[in-house]
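Protein chains in written order, with the working numbering: chain A, 196 to 408; chain B, 196 to 408. Where a beta carbon is used, it is the ideal one built from N, C-alpha and C, also for glycine. Here the structure is a predicted model, which is why all the values come from computation and not from measurement.
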DNA sequence: GTCTATATTTAGATAGAC
DNA sequence: GTCTATCTAAATATAGAC
């Protein structure tokens, strides 16, 4: 991997240009459907440079995927581990952060889910997902909340399915939903912004069915 | 396309063998990642026979996709258009039918969603999805219900996102969820069966926040 | 209808000039 | 570092024997 010092002005160097193009094309088409020629074209560089900088299509993909996964879980982690906020606030913060991120990068969920189905081991090997959820500040609050109320807790995994299903799924199914509702991209996004307010209310109703007279 | 009369015993003819294998491989790997050789091998037939019967990989794929889409919406349609059942019952019937279907064929959602993102026009061209939802018996009941209660209805699209997100999303994210929860396939399915009971309750809470003291 | 052998196309990767 | 030209390895599809 060549070093670059580039104390240059504003211009982006070649390696970065390739990564930006690769991210865009991989996210849109996935690993197998992406051709290195597509990336080179999008980056405005010569095909041979891709291998010069990244050795192979797969190594380039691994880098992009690692960064994308980080984007996908980073905001989740910071929300889950903030000791200073309430459970309800965490749900609100998560929903807002996630939907805003997904409006900016709507292809990320289908990209990750799709690649995850085709190479689960490769993608999940590093992820200590169990610790991520079950050892977070969120987890402690979650069990405390239910102990306090002395009711049977919804298993945390069911909770996770609910909040991810409500926030992430519309982006996975967006082509279908746009067709059904005859929606433009902007109209779809407006519906999703509406959900930023609604989802925490719905989650609250689901988890505390007795507390809302 | 060759005709076959096959008043044969129990044995399956070659065309059907190819379709069964193609469905399995396409569902698992998607269109681009599937090689015709994989299908031939899985079907136990010669590679050339695939082209003999179906002309091309793409034509075979189109047939499989049409059938898969039919599976995916058929149970939905019959539920939505049953004039004799209540709104609540429709939600219960839908949830049960869908989750049971998805336990049998868990790759269908990621398969459809993934292909839909990559060729939205091709897949959605025929589907009169708008009529499917907005002209159903379900739609009439939906607006009536809210008029009766004299409250602002949740837009039907938001309702659709909710029920699909709660039922379908876990199957899209199953590799991630299994990893996080350290679940086997059977344990995952058990959680989903639990959701058959829970989701209609949650939907009811969300849609009628005042009716549950 | 089914097979073997092969033609054609495409995409990832590299050699070597500049 | 960047380019042109090319090598090599797949994978779809077909020709033609049986």
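Exercise for review: Could you check how far apart the C-beta atoms of residue 349/A and residue 402/A are, in whole angstroms? I think they sit under 8 Å.
Suggested key: Residue 349/A to residue 402/A, Cβ: 6 Å. Contact.
Practice item. Let me know if residue 388/B comes out buried or exposed under the rule of 16 or more other beta-carbons within 10 Å of its beta-carbon. Key: Its Cβ having fewer than 16 others within 10 Å, residue 388/B is exposed.
Check your understanding: By the criterion of Cβ-Cβ separation under 7 Å, what are the contact partners of residue 313/A in chain B?
Key -> For residue 313/A, the neighbours in chain B by C-beta distance under 7 Å run, in chain order, 224 and 228.
Check your understanding: Are the C-beta of residue 198/A and some C-beta of chain B separated by less than 9 Å?
Key -> With a pLDDT of only 44 at residue 198/A, under 50, the local geometry of the prediction cannot be trusted, and the value read off the model is given with reservation. Output row for residue 198/A: interface = no.
Check your understanding: Taking Cβ-Cβ distances shorter than 8 Å, what residues in chain B pair up with residue 364/A?
Key -> Chain order gives the chain B residues near residue 364/A as 356, 359, 360, 363, 364 and 367, where near means a beta carbon separation below 8 Å.
Check your understanding: Is it right to say residue 376/B is buried, meaning 16 or more other beta carbons lie within 10 angstroms of its own, or is it exposed?
Key -> Around the beta carbon of residue 376/B, a 10 Å sphere encloses 16 or more other beta carbons of the protein chains shown; the residue is thus reported as buried.
Exercise for review: For residue 395/B, go through chain A and note every residue whose CB falls closer than 7 Å to its CB, in chain order.
Suggested key: Within 7 Å Cβ-Cβ: nothing; residue 395/B doesn't reach chain A, min ~12 Å.
Check your understanding: Along chain B, in chain order, which residues have C-beta atoms closer than 8 Å to that of residue 401/A?
Key -> Here the neighbours are 397, 400 and 401.
Check your understanding: DSSP state of residue 239/B, grouped into three classes?
Key -> Correct three-state label for residue 239/B: coil.
Practice item. Give a yes or no on whether 9 Å exceeds the smallest Cβ distance from residue 390/B to chain A. Key: Chain A contact via Cβ: present.
Check your understanding: Taking Cβ-Cβ distances shorter than 7 Å, what residues in chain A pair up with residue 376/B?
Key -> Chain A residues near residue 376/B: 352.
Practice item. Pull up the distance between the alpha-carbon of residue 311/A and that of residue 354/A, whole angstroms please. Key: When rounded, the separation of the alpha-carbon atoms in residue 311/A and residue 354/A is 21 Å.
Review point. DSSP state of residue 245/A, grouped into three classes?
Key: Residue 245/A sits in a helix when the DSSP states are folded into three classes.
**Study point:** Cut-off 6 Å between Cβ atoms - residues of its own chain near residue 259/B, not counting five sequence neighbours on either side
**Key:** Cβ-Cβ distances below 6 Å link residue 259/B to 217, 218 and 221 in the same chain, with the five nearest sequence neighbours on each side left out; the list follows chain order.
Review point. In chain order, what residues of the same chain lie with their CB nearer than 8 Å to the CB of residue 142/B, ignoring the 5 residues before and after it?
Key: The requested residue 142/B does not occur in the structure, where chain B is confined to residues 196 to 408.
Exercise for review: Take every Cβ of the segment 256 to 270 of chain B, pair it with every Cβ of the segment 300 to 320 of chain B, and state whether three or more of those distances are shorter than 8 Å.
Suggested key: Enough Cβ pairs lie closer than 8 Å, so yes.
**Study point:** Exposed unless 16 or more other CB atoms sit within 10 angstroms - verdict on residue 207/A
**Key:** By the neighbour-count rule (16 or more Cβ atoms within 10 Å), residue 207/A is not buried but exposed.
Review point. Hey, how far is the Cα of residue 316/A from the Cα of residue 276/B?
Key: Going by the C-alpha atoms only, they are around 42 Å apart.
Check your understanding: If we call anything under 9 Å between Cβ atoms a contact, is residue 229/A one with residue 246/A?
Key -> Going by C-beta atoms, residue 229/A is not nearer than 9 Å to residue 246/A.
Review point. Buried or exposed: which applies to residue 314/A, given that a residue is buried once 16 or more other Cβ atoms fall within 10 Å of its Cβ?
Key: Answer is exposed; the Cβ neighbour count stays below 16.
Review point. Under 9 Å between the Cβ atoms of residue 309/B and residue 225/B?
Key: With contacts defined by Cβ atoms closer than 9 Å, residue 309/B and residue 225/B form a contacting pair.
Exercise for review: With 9 Å as the threshold, decide whether the Cβ of residue 270/B is near any Cβ in chain A.
Suggested key: Not flagged as an interface residue toward chain A: residue 270/B, since no C-beta distance is shorter than 9 Å.
**Study point:** Contacts around residue 178/B, its chain only, beta-carbon distance under 7 Å, and the 5 residues preceding and following it disregarded
**Key:** There is simply no residue 178/B to check, as chain B begins at 196 and stops at 408 in what is shown.
**Study point:** Cβ neighbours of residue 399/B in the same chain (closer than 7 Å, five flanking residues each side left out)
**Key:** Within the same chain, residue 399/B has close Cβ partners 283.
Practice item. Would you verify that the beta carbon of residue 309/A is, or is not, closer than 9 Å to some beta carbon of chain B? Key: Judged by the 9 Å Cβ criterion, residue 309/A is in contact with chain B.
Exercise for review: Using three-state DSSP, classify residue 378/A as helix, strand or coil.
Suggested key: For residue 378/A, the secondary structure class from DSSP, reduced to helix, strand or coil, is coil.
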